[in-house]
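Working notes for the structure below.
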Amino acid sequence: MALLDYKIATIGSHSALQILKGAKDEGFSTIVICIKGREKPYKMYNVADEIITIKDYNEFPKIQDTLLKKKAIIIPHASFITYMGHADVEKFNVPYYGNKKILKYEEDRDLERKWLKNSGLTLPKIFKSPKDIDRSVIVKFHGAKGGKGYFIAKNERDFNKKIKFHPNEKNYVIQEYILGVHMYIHYFHSSLTNEIEIMGFDKRYESNVDSLGRISSRDQLALPAEKVDPSYVIVGNMPLVVRESYLPRIIEMGENVVKQSKKMVPRGLFGPFCLETVMTPEEEISVFEISARIVAGTNPYTHGSPYTWLKYDKPMSTGRRIALEIKNAIRKNQLNKVLG
Ligand code: ATP
0 MALLDYKIAT IGSHSALQIL KGAKDEGFST IVICIKGREK PYKMYNVADE
50 IITIKDYNEF PKIQDTLLKK KAIIIPHASF ITYMGHADVE KFNVPYYGNK
100 KILKYEEDRD LERKWLKNSG LTLPKIFKSP KDIDRSVIVK FHGAKGGKGY
150 FIAKNERDFN KKIKFHPNEK NYVIQEYILG VHMYIHYFHS SLTNEIEIMG
200 FDKRYESNVD SLGRISSRDQ LALPAEKVDP SYVIVGNMPL VVRESYLPRI
250 IEMGENVVKQ SKKMVPRGLF GPFCLETVMT PEEEISVFEI SARIVAGTNP
300 YTHGSPYTWL KYDKPMSTGR RIALEIKNAI RKNQLNKVLG
C-alpha cells in the first residue's frame, strides 16, 4: 500500500495542531475529529485535510468504521485518553500509534510508581496516612484535570483543615512536596531502531502557583486564604534548555524507563513520552510522574527544539517525529512495530 493511502488522525485538542502539521510535513493526509464548535484553530492553521465533527466524545466509537475505511492511524494525546477513558481506548479497533498495553501502568498510580522505582529513578515519598505527614506534602486528587484543587499541607492538622474544602474527593495521594525547579523531559523511543532521543524540555505555567511570587507576602496575607493557596491549573508551557552536563544522566533515565517497560509488557514503551521532574538544589532529579505519550510541553517546538535541530538539521517537532516513524515503518513493511 502506498504511503499516502494512510491518513493521520487525532482529536482536536492538546497537541493536535503540532501532530497534524507534522504529519502533513511528512506527506500524509490528515483528519481531525472535533467537538462541534472547536474547529476554528484547525481551519485557521490549515493543518487538517478533513474535519469530522461530533457532538460529544462518547460518539467517537461510532465513527470508528469511517476512520477504518479512510485508513486512518490514530495518534493519541492526553486529552484523547482522558476523554475516551483507558478502557475504551483499549477496545478501539482503528490502528493506534503506541503500545496500548502500557496504558494501565500509567493510569494505576501503584503500577506507575513501581515502574519508575524499578527503573532506578528517585521518587517523592508517598504518605499512606495524613498521620504520617512529617514535611511539606502536595495532595493530588485522582483524575483532577490539570492539577485543579491540589493543595499543600505541612502536617496532619493542616491537611485536615484543607481537605474539608474537598468533601467529595475520596481518592487522593499525599506526596512529598519537592522544592526545586521543574523540568519536563520529552523523549522519543523508536521501536524500529531501538534508539532513544531527547526531543526537548519545558516548564509549565500554572495558575496561581506561578503568580504568587508577584505579590509580597504582606499582600498575600491580606488576601483570603483560598486566593493565596497555591493551585496548579496548567495554562501553558515554556521552552527550556538544560545544563549540558545533565544530559548523560537524563538520557540514561529515559533508557532505563524503556528497558524496564519491556519487562512489564511485550514491546514495552515506544514513541514519545515525558518524565515530569523537579531538580533540587542538591542536583537530585525527583520524578513525580510519567506521561507515556506526546505531552503538550512539546507544543512550543512546532518548528523543532534546539535538541531536534542538532539531530535533524530540519524542523522536527515531536508530532512530525511520530509521522516520520510511521512513514519509516510503512517503507520497511513494519507497521506492526509501531501500532499497538
Ligand atoms: P498531568 O497529568 O497534566 O501531568 P496531573 O493532574 O497528573 O497533571 P501533576 O503533574 O502530578 O498533576 O501535578 C501538577 C503540578 O503540581 C505539577 O506540574 C507541579 O507543578 C506540581 N507538583 C506535582 N507533584 C509535585 C511534587 N511532588 N513536588 C512539587 N510539585 C509538584
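For the sequence shown, the tail end lands on 339 under numbering that gives the first Met the number 0, and the numbers increase by one without skipping. Glycine included, each C-beta is placed from N, C-alpha and C at the ideal position.
> Taking buried to mean at least 16 other C-beta atoms within 10 Å of its own C-beta, is His-341 buried or exposed?
Replying inline: No answer is possible for residue 341: it lies beyond the span of the chain, which begins at 0 and ends at 339.
> Where Leu-66 and Lys-261 are concerned, what is the direct C-alpha to C-alpha distance, given to the nearest angstrom?
Replying inline: To locate residue 66, count along the sequence shown from 1; it is residue 67. To locate residue 261, count along the sequence shown from 1; it is residue 262. Leu-66 and Lys-261: Cα-Cα distance of roughly 30 Å.
> Using DSSP with H/G/I as helix, E/B as strand and the rest coil, what is Ile-250?
Replying inline: Along the sequence shown, read from residue 1 onward, the residue named residue 250 stands at position 251. Three-state DSSP puts Ile-250 in a helix.
>> Here's a check: name, in chain order, each residue in its chain whose Cβ is nearer than 7 Å to the Cβ of Arg-266, leaving out the five neighbours to either side.
In response: Taking the first residue of the sequence shown as 1, we reach residue 266 at position 267. Counting only residues of its own chain and dropping the five nearest sequence neighbours on each side, Arg-266 has a CB closer than 7 Å to the CB of Asn-98 and Ser-190.
> What span of residues does the beta strand (DSSP E) with Phe-79 cover, start to end?
Replying inline: Taking the first residue of the sequence shown as position 1, residue 79 is located at position 80. Not the beta strand (DSSP E): Phe-79 falls in the alpha helix (DSSP H), residues 77 to 83.
> From this set, Leu-309, Thr-192 and Ser-285, which residue's C-alpha is nearest Ser-118's C-alpha?
Replying inline: Your numbering for residue 118 matches position 119 in the sequence shown. When each option's Cα is compared against that of Ser-118, the closest is Ser-285.
>> Does the distance between the C-beta of Glu-175 and the nearest non-hydrogen atom of ligand 1 fall short of 7 Å?
In response: The sequence position of residue 175 within the sequence shown is 176, counting from 1. The answer is yes for Glu-175.
>> Would you call the segment 29 to 38 in contact with the segment 95 to 115, where contact means no fewer than 3 C-beta pairs closer than 8 Å?
In response: No: the two stretches stay apart, fewer than three of their Cβ pairs being nearer than 8 Å.
>> With a threshold of 6 Å on Cβ separation, who are the neighbours of Asp-48 within its own chain once the five nearest residues in sequence on each side are excluded?
In response: As a working mapping, residue 48 is identified with position 49 in the sequence shown. Result list for Asp-48: Ser-28 and Thr-29, in chain order.
>> Just verifying my parser: in three-state terms, what is the DSSP assignment at Met-0?
In response: In the sequence shown, the residue the question calls residue 0 occupies position 1. Residue placement at Met-0 is flagged as unreliable, the pLDDT there being 49, under the threshold of 50; a coordinate-derived value is accordingly withheld.
> If Ser-290 and His-302 are in contact, beta carbons under 8 Å, what's the gap, nearest whole angstrom?
Replying inline: Translated into the one-based positions of the sequence shown, residue 290 becomes position 291. Translated into the one-based positions of the sequence shown, residue 302 becomes position 303. Not quite, the Cβ-Cβ distance comes to about 22 Å (not below 8 Å), so this is no contact.
> Just how far apart, CA to CA, sit Lys-326 and Tyr-95?
Replying inline: Within the sequence shown, residue 326 is the residue found at index 327, counting from 1. Within the sequence shown, residue 95 is the residue found at index 96, counting from 1. Spanning the two alpha carbons is a distance of roughly 14 Å.
>> If you reduce the DSSP assignment to three classes, tell me which class Ile-51 lands in.
In response: Position 52 of the sequence shown, counting from 1, holds the residue named residue 51. Strand.
> If you count every other CB in all the chains shown that lies within 10 Å of the CB of Pro-280, and 16 or more means buried, which is it?
Replying inline: The residue given as residue 280 occupies position 281 in the sequence shown. So Pro-280 ends up on the exposed side.
> With respect to 7 Å, is the separation between the Cβ of Lys-340 and the closest non-hydrogen atom of ligand 1 below this value?
Replying inline: Nothing can be reported for residue 340, as the shown portion of the chain is limited to 0 through 339.
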